[in-house]
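A.B. asks:
Protein chains: 2
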Amino acid sequence: MPASVVRNLIPLQCNHCAIRHRAICGALNGDNLTRINDIARQKTYRAGETIFFENDDVDYLGNVLSGVVKLGKLLPDGRQQIVGLQFASDFLGRAFKGNANCHAEAATDVELCIFPRKPFETLLNDIHDLEDRLFANTLDELDAARDWLLLLGRQSAREKVAKFLMMIARRIPNIGCGTEDDTDAIRFDLPLSRADMADFLGLTIETVSRQITRLKTDGLIDVEQNRTITVPSVSRLEAASGQ
Amino acid sequence: MPASVVRNLIPLQCNHCAIRHRAICGALNGDNLTRINDIARQKTYRAGETIFFENDDVDYLGNVLSGVVKLGKLLPDGRQQIVGLQFASDFLGRAFKGNANCHAEAATDVELCIFPRKPFETLLNDIHDLEDRLFANTLDELDAARDWLLLLGRQSAREKVAKFLMMIARRIPNIGCGTEDDTDAIRFDLPLSRADMADFLGLTIETVSRQITRLKTDGLIDVEQNRTITVPSVSRLEAASGQ
DNA sequence: CGTTATGTTGATAGCCGTCAACATACGTGG
DNA sequence: CCACGTATGTTGACGGCTATCAACATAACG
């Protein structure tokens, strides 16, 4: 990774970490927490910056503290597919195997908590619970990838966009809508551009835009300033997502 | 799983296992090999039989000894997507989490080497190398799933079929073609029907059939009896696969 | 030899991609 | 503060790829 993208590289305090218990670090306490804290450093990226390229020899791994990271793959002719999105508390990088099989890019401004590879792998060997947690994490990512295989292979553009919005709604902080007592309503900011959504859903920008317009005219969502989505009825949107 | 599909359930001998060193069992020897051998049993399925259903509480895990297993997911309306294919030496099942997130079906006649879940998970906890190997295995599956995300999201029907044939060629025993000295040629039997290929590639049966015909008329493959494929030039087929 | 499963081929339709114009927001420099 | 260029997003017209519907061919099987 180019050094130029590094904004800072500062120690942080695991016992004050907001996402610790959701991240793999939830497996740690006492001395073990101190050990990982000793090697943890914060690193930030601006939206659009590349974190690593495919086949890069990445010498660190880490957790997403805030923001959204896109994992993508490219065909020789430039076609792109986003193969994963990492949100706060998700793990980034591949233990015991240095070279990345996809590239990573900050979709929004991103804060990472990174660990140098070698000492982190030592921790994995020493602390069985930590490796178990990372293993479970990887199995969950595999489940998620298989869910998207079904989506990409068998669902329509409308279903794809609806399901994407459902997924974001689950993973992104809700920004509160006027009708607080309506538990079936939800409101959030899209962390991705239309172009990123297209690359994630195997569609074109235009098709994504048209489907959003259709969901809007059908009353399933409301859109302000392109990125702020209000879903008046989550269950109705879910029905439109095909499951 | 219905007991009716069980053809036999007999002990086997790990030290004579043909796929041991490619499977996760390659991490074992001496006493550890004896320990896993004590819990290993052979189980066979006929082509088309279901091994487990989505959300089943599967009480065993295991290796594929021979044949091909399809992992699939269904939408409520019946649309299907195959999300993984497991070949000889591949691991089947999800450690530390009983309920399956997809269904499994024998694509061909299949022999499995199965381990009851509880004692197998004990082995995983006791033998660090075994868990490491299973972890590495899972990471490879994740890589494979992401490759197919790119395929499903961004590649044409022709590229999909070409890439599928390339993948099968790598994973299935070569049956030898007349021109042995031609290292760029290869010949194999398809383990999947057109319908399975369609469900794997996110296409219809008809489109798969048409693309195979096109590859044949373009001289990229030769087809005998629907299932036997000869590839005169692997590099030319690879070029048609888009990478 | 009939029946079913599997695969191929043709005609047609529809969804989504492509190309293009336009709208809006944002940042930079005059 | 405005002018301009760029990035992002929307909408329309059109075309092509793949799905759908249908007929037929071949193989498998009892």
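Chains X and P, in that order, are what the protein sequence lines are. Our numbering numbers the first residue of the first sequence as 1092 and each following residue consecutively. Our numbering numbers the first residue of the second sequence as 1092 and each following residue consecutively. Using N, Cα and C, we set each Cβ at its ideal position, and we do this for glycine too. Please read all numbers here as calculations on a predicted model, not as lab measurements.
Taking three-plus beta-carbon pairs below 8 Å as touching, is the segment 1220 to 1232 of chain X in contact with the segment 1172 to 1191 of chain X?
C.D. replies: Verdict: yes, contact present.
A.B. asks: If you follow the alpha helix (DSSP H) that G1189 (chain P) is in, where does it begin and where does it stop?
C.D. replies: First-last for G1189 (chain P): undefined, no H or E at that position.
A.B. asks: From L1119 (chain P) to I1127 (chain X), what distance separates their C-alpha atoms?
C.D. replies: The alpha-carbon atoms of L1119 (chain P) and I1127 (chain X) are separated by roughly 30 Å.
A.B. asks: Helix or strand or just coil, what does DSSP make of P1207 (chain X)?
C.D. replies: Strand, per DSSP.
A.B. asks: Do the CB positions of F1187 (chain X) and I1130 (chain X) come within less than 9 Å of each other?
C.D. replies: Not in contact: F1187 (chain X) and I1130 (chain X) (Cβ atoms no closer than 9 Å).
A.B. asks: Can you list the residues of chain X that P1210 (chain P) reaches, using a CB-CB cut of under 7 Å?
C.D. replies: Neighbours of P1210 (chain P) on chain X: none; closest Cβ ~18 Å, over 7 Å.
A.B. asks: Quick check for students: name the residue ranges of the alpha helix (DSSP H) that lie wholly in the segment 1215 to 1255 of chain X, counting only runs of 4 or more.
C.D. replies: The segment 1215 to 1255 of chain X contains these whole alpha helix (DSSP H) runs: 1219 to 1245.
A.B. asks: Please report the Cβ distance between I1277 (chain X) and V1325 (chain X), rounded to the nearest whole angstrom; I am assuming they are in contact, meaning their Cβ atoms lie under 8 Å.
C.D. replies: With a Cβ gap of about 6 Å, I1277 (chain X) and V1325 (chain X) count as contacting.
A.B. asks: Cβ of V1201 (chain X) within 9 Å of Cβ of G1158 (chain X)?
C.D. replies: For V1201 (chain X) and G1158 (chain X), yes; Cβs fall inside 9 Å.
A.B. asks: If you measure between the beta carbons of E1222 (chain X) and D1223 (chain P), is that distance less than 9 Å?
C.D. replies: Yes; because the gap between Cβ atoms is below 9 Å, this pair is in contact.
A.B. asks: Thinking C-beta only, is D1309 (chain X) closer than 9 Å to A1331 (chain X)?
C.D. replies: Contact: yes.
A.B. asks: My output table needs one value for S1157 (chain P): the three-state DSSP class, helix, strand or coil.
C.D. replies: Looking at S1157 (chain P) - three-state DSSP - the assignment turns out to be strand.
A.B. asks: Name the chain X residues whose beta carbon is nearer than 8 Å to that of T1229 (chain P)?
C.D. replies: F1226, T1229, L1230, L1233, listed in chain order.
A.B. asks: Going by beta carbon distance, what residues of the same chain come within less than 7 Å of P1210 (chain X), once the five residues before and after it are set aside?
C.D. replies: Around P1210 (chain X): I1130.
A.B. asks: Helix, strand or coil for F1144 (chain X)? Go by DSSP, reduced to three states.
C.D. replies: Residue state, collapsed to three classes: coil.
A.B. asks: Please specify which runs of the beta strand (DSSP E), each continuous and at least 3 residues long, are wholly inside the segment 1100 to 1152 of chain X, giving them in chain order.
C.D. replies: List check, beta strand (DSSP E) in window: 1132 to 1136, 1141 to 1143.
A.B. asks: Can you pull out the residues from the segment 1176 to 1206 of chain P whose beta carbon lies closer than 7 Å to at least one beta carbon of chain X?
C.D. replies: For the segment 1176 to 1206 of chain P, which is checked against every Cβ of chain X, the residues closer than 7 Å are R1185, F1187, K1188, N1192, C1193.
A.B. asks: When the Cα of F1255 (chain X) is compared with those of X:V1322, X:N1106, X:G1153, X:T1213, which residue comes out closest?
C.D. replies: Checked all of X:V1322, X:N1106, X:G1153, X:T1213; the closest Cα to F1255 (chain X) is X:V1322.
A.B. asks: Does the distance from the CB of L1124 (chain X) to the CB of N1106 (chain X) come in under 9 Å?
C.D. replies: Yes, they are a contact pair.
A.B. asks: Using a Cβ-Cβ cutoff of less than 8 Å, which residues in the same chain neighbour G1139 (chain P) once the five nearest sequence positions on both sides are dropped?
C.D. replies: Excluding positions up to five away in sequence, the list reads E1196, A1197.
A.B. asks: Could you spell out the range, first to last residue, of the alpha helix (DSSP H) harbouring I1303 (chain X)?
C.D. replies: Its alpha helix (DSSP H) spans residues 1296 to 1308.
A.B. asks: Keeping to the same chain, check which residues put their C-beta closer than 8 Å to that of L1100 (chain X); ignore five residues upstream and five downstream.
C.D. replies: So the qualifying residues of the chain are R1132, Q1133, K1134.
A.B. asks: In chain order, what residues of the same chain have a beta carbon less than 6 Å from the beta carbon of A1253 (chain P), not counting five sequence neighbours either side?
C.D. replies: Here the set comprises L1328, A1331, S1332.
A.B. asks: I want to verify the contact list: residues of chain P whose CB lies under 9 Å from the CB of G1117 (chain X), in sequence order.
C.D. replies: Ordered by position in chain P, no residue passes the 9 Å Cβ test against G1117 (chain X), which lies about 16 Å from the chain.
A.B. asks: Please report the distance separating the alpha-carbon of E1212 (chain X) from that of E1315 (chain P).
C.D. replies: The alpha-carbon atoms of E1212 (chain X) and E1315 (chain P) are separated by roughly 50 Å.
A.B. asks: Here's the rule I'm using: 16 or more other beta-carbon atoms within 10 Å means buried, otherwise exposed. How should Q1302 (chain P) be labelled?
C.D. replies: Looking at its Cβ environment, which holds 16 or more other Cβ atoms inside 10 Å, Q1302 (chain P) is buried.
A.B. asks: I need the straight-line Cα distance from V1299 (chain P) to W1239 (chain P), nearest angstrom please.
C.D. replies: When rounded, the distance between both Cα atoms is 16 Å.
A.B. asks: Just mark R1318 (chain X) as buried or exposed, buried being the case when its beta carbon has 16 or more other beta carbons within 10 Å.
C.D. replies: R1318 (chain X) is exposed by the Cβ-count criterion.
A.B. asks: If you follow the alpha helix (DSSP H) that A1390 (chain X) is part of, which residue opens it and which one closes it?
C.D. replies: Coverage of chain X is limited to positions 1092 through 1334, which leaves residue 1390 (chain X) absent and any answer about it impossible.
A.B. asks: In chain X, which residues lie less than 7 Å from Q1334 (chain P) when you measure between Cβ atoms?
C.D. replies: The contacting residues are L1166, P1167.
A.B. asks: Between Q1171 (chain X) and the rest of its own chain, which residues show a CB-CB distance below 8 Å, the 5 nearest in sequence each way excluded?
C.D. replies: Excluding sequence neighbours, Q1171 (chain X) sits near G1163, K1164, L1165, D1290.
A.B. asks: Identify the continuous beta strand (DSSP E) that holds A1195 (chain P) and give its terminal residues.
C.D. replies: Note, A1195 (chain P): beta strand (DSSP E), 1194 to 1197.
A.B. asks: With a Cβ-Cβ cutoff of 9 Å, do V1149 (chain X) and G1189 (chain X) count as a contact?
C.D. replies: A contact, by the Cβ cut-off of 9 Å.
A.B. asks: Which residues in chain X sit within 7 Å of G1293 (chain P), going by Cβ to Cβ distance?
C.D. replies: Within chain X, the residues near G1293 (chain P) are L1243, G1244, R1245.
A.B. asks: Write down the C-beta distance between N1154 (chain X) and I1218 (chain X) rounded to the nearest angstrom, noting that I regard them as a contact closer than 8 Å.
C.D. replies: Not quite, the Cβ-Cβ distance comes to about 16 Å (not below 8 Å), so this is no contact.
A.B. asks: Do R1237 (chain P) and C1193 (chain X) have their beta-carbon atoms positioned less than 9 Å apart in this structure?
C.D. replies: Contact: yes.
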